[in-house]
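To start, the structure itself, in structure tokens.
Numbering (the numbering used here), first residue to last: 79 to 450.
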């Protein structure tokens with residue numbers, strides 16, 4: 079069958095690009111469909127401000143006129159300048175188990191990168207660390223974790239065959255709530271909560287959260303400067319991200335620490351709603367939102383979605399306070415485990431902290447690289 083590549087340029091092709099993963103993963107029990115209303119915004123250069131600092135391509139692969147693969151190419155000009163690198167990125171790659179298709183897609187991004195003066199390709203990696211990064215290489219036996227890759231086992235092999243090697247690995251840890259907490263953790267928690275110079279915010283309504291959205295994300299910008307691939311958010315992006323998650327946010331899993339009217343630490347967790355996302359099949363209407371909210375109420379695990387302590391207040395026990403608040407709420411609800419957000423494997427401080435709680439790795443993701 080004849081293989082052809084085409085840059086997405088029409089509404090029909092854009093729709094094919096968005097919905098192709100559902101066809102490829104139709105028999106994949108652990109696949110998490112995206113919310114298509116979000117996908118249509120994310121991949122739209124007019125609506126997604128990340129495109130303002132990036133060159134990009136959306137490419138579809140066809141065999142005899144049928145879409146069989148896709149890939150996104152990204153050159154983040156802002157990040158390259160900040161880091162002094164010349165990296166192109168491939169992201170959101172999807173294909174059947176077909177080396178010919180994988181080769182054609184990846185080779186096209188490599189060619190484009192050379193034409194743009196890039197010296198390396200990394201991926202899968204999106205605009206920033208806020209999108210799922212890497213391919214799942216270990217932990218296929220565990221249920222999916224929201225906002226992380228859930229690819230087939232063959233996909234890393236297709237990428238490696240194209241000459242790609244490890245750039246970095248990221249991991250997710252699981253803390254079984256049946257494990258007794260070390261006494262020292264409770265003592266640190268009590269010491270932190272007794273401090274009179276700190277405010278510990280809890281919210282009763284989403285309306286109460288809204289004034290804190292920008293301060294929370296400013297704290298994230300300040301804390302994540304050294305995180306691989308991090309791109310600071312402007313206030314428009316902060317509001318867009320909040321708009322995406324506010325409808326399903328669980329207020330009991332939002333904890334914010336304030337000192338002198340400034341957010342210095344926060345954590346936002348969420349019951350693992352993967353079963354609801356699967357039932358919703360990417361659509362909130364007519365019943366998708368009901369499935370998602372129901373799954374959150376019956377979830378047996380909670381995901382640490384995002385959290386930070388700004389640098390000048392690190393190593394003061396605030397990280398323990400944030401972890402303990404999440405654990406205590408999960409225990410109150412009768413949950414079985416807490417799953418961390420994706421962490422770089424070499425982040426020893428964070429990894430050691432999770433391990434102190436008795437957490438163990440359940441998933442590993444790999445970002446690949448290749449010199450051009």
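All residues carry an ideal CB built from backbone N, CA and C; glycine is no exception.
Under three-state DSSP, which class holds residue 170?
-> On the chain shown, position 92 is the one that residue 170 refers to. DSSP places residue 170 in strand when its eight states are reduced to three.
In the DSSP assignment, find the alpha helix (DSSP H) that holds residue 99 and state where it starts and stops.
-> The residue given as residue 99 occupies position 21 in the chain shown. Element bounds for residue 99: 89-102.
The segment 216-228 in contact with the segment 87-97 per 3-pair CB rule at 8 Å = No contact exists between the segment 216-228 and the segment 87-97.
Under three-state DSSP, which class holds residue 393?
-> Here residue 393 corresponds to residue number 315 of the chain shown, with the count starting at 1. Coil.
So what does residue 140 bridge to, in DSSP terms?
-> Your numbering for residue 140 matches position 62 in the chain shown. 82, 145.
Between the Cα of residue 131 and those of 446, 309, 266, 399, spot the shortest distance and give me the residue it belongs to.
-> The count along the chain shown starts at 1 and reaches residue 131 at position 53. Selected option, being the one with the closest Cα: 309.
Report the three-state DSSP secondary structure of residue 385 (helix, strand or coil).
-> As a working mapping, residue 385 is identified with position 307 in the chain shown. Correct three-state label for residue 385: strand.
If you draw a straight line from the C-alpha of residue 362 to the C-alpha of residue 331, how long is it?
-> What you label residue 362 is simply residue 284 of the chain shown in a count that begins at 1. What you label residue 331 is simply residue 253 of the chain shown in a count that begins at 1. About 22 Å.
Quick one: any contact between the segment 334-353 and the segment 173-185, if contact means 3 or more CB pairs under 8 Å?
-> no
So, residue 140 versus residue 82, is the Cβ gap smaller than 7 Å?
-> By 1-based counting over the chain shown, the position of residue 140 is 62. By 1-based counting over the chain shown, the position of residue 82 is 4. A contact, by the Cβ cut-off of 7 Å.
When we look at the beta-carbon of residue 124 and count the other beta-carbons within 10 Å, is it buried (16 or more) or exposed?
-> If you number the chain shown from 1, residue 124 lands on position 46. Exposed is the call here.
Bridge-paired residues (DSSP) for residue 333 | As a working note, residue 333 is residue 255 in the chain shown. Its beta-bridge partners are 345.
For residue 416 versus residue 253, is the C-beta distance shorter than 7 Å?
-> Here the question's residue 416 lines up with position 338 in the chain shown. Here the question's residue 253 lines up with position 175 in the chain shown. Yes, the Cβ-Cβ distance between residue 416 and residue 253 is below 7 Å.
Mind checking which residues open and close the beta strand (DSSP E) that includes residue 298?
-> For the purposes of this step, residue 298 is taken as the residue at position 220 of the chain shown. Bounds of any beta strand (DSSP E) do not take in residue 298; it lies within the alpha helix (DSSP H) bounded by 291-301.
Compare the C-alpha of residue 230 against each of 434, 106, 282, 392 and name the closest.
-> Taking the chain shown and counting its residues from 1, the one referred to as residue 230 is at position 152. Nearest C-alpha to residue 230: 106.
Inspect the beta-carbon positions of residue 443 and residue 227 and report whether they are closer than 7 Å.
-> Stepping through the chain shown from its first residue, residue 443 is reached at position 365. Stepping through the chain shown from its first residue, residue 227 is reached at position 149. Yes, these two residues count as a Cβ contact at 7 Å.
Inspect the CB distances between the segment 291-306 and the segment 378-386 and report whether three or more fall short of 8 Å.
-> Yes, since at least three Cβ pairs between the segment 291-306 and the segment 378-386 fall closer than 8 Å, the two stretches touch.
Option in 247, 281, 164 with minimal Cα separation from residue 199 = As a position in the chain shown, residue 199 is number 121, starting the count at 1. Ranking the options by Cα distance to residue 199, first place goes to 164.
Close beta carbons around residue 391, own chain, < 7 Å, minus the five adjacent residues each side | In the chain shown, residue 391 corresponds to position 313, counting from 1. Listed in chain order, the non-local C-beta contacts of residue 391 below 7 Å within the same chain comprise 342, 343, local neighbours out to five positions each way being set aside.
In whole angstroms, what is the alpha-carbon distance linking residue 277 and residue 396?
-> Here residue 277 refers to the residue found at position 199 of the chain shown. Here residue 396 refers to the residue found at position 318 of the chain shown. C-alpha separation (whole angstroms): 12 Å.
Please classify residue 172: is it buried, with 16 or more other beta-carbons within 10 angstroms of its beta-carbon, or exposed?
-> The residue labelled residue 172 in the question sits at position 94 within the chain shown. With 16 or more other Cβ atoms within 10 Å, it is buried.
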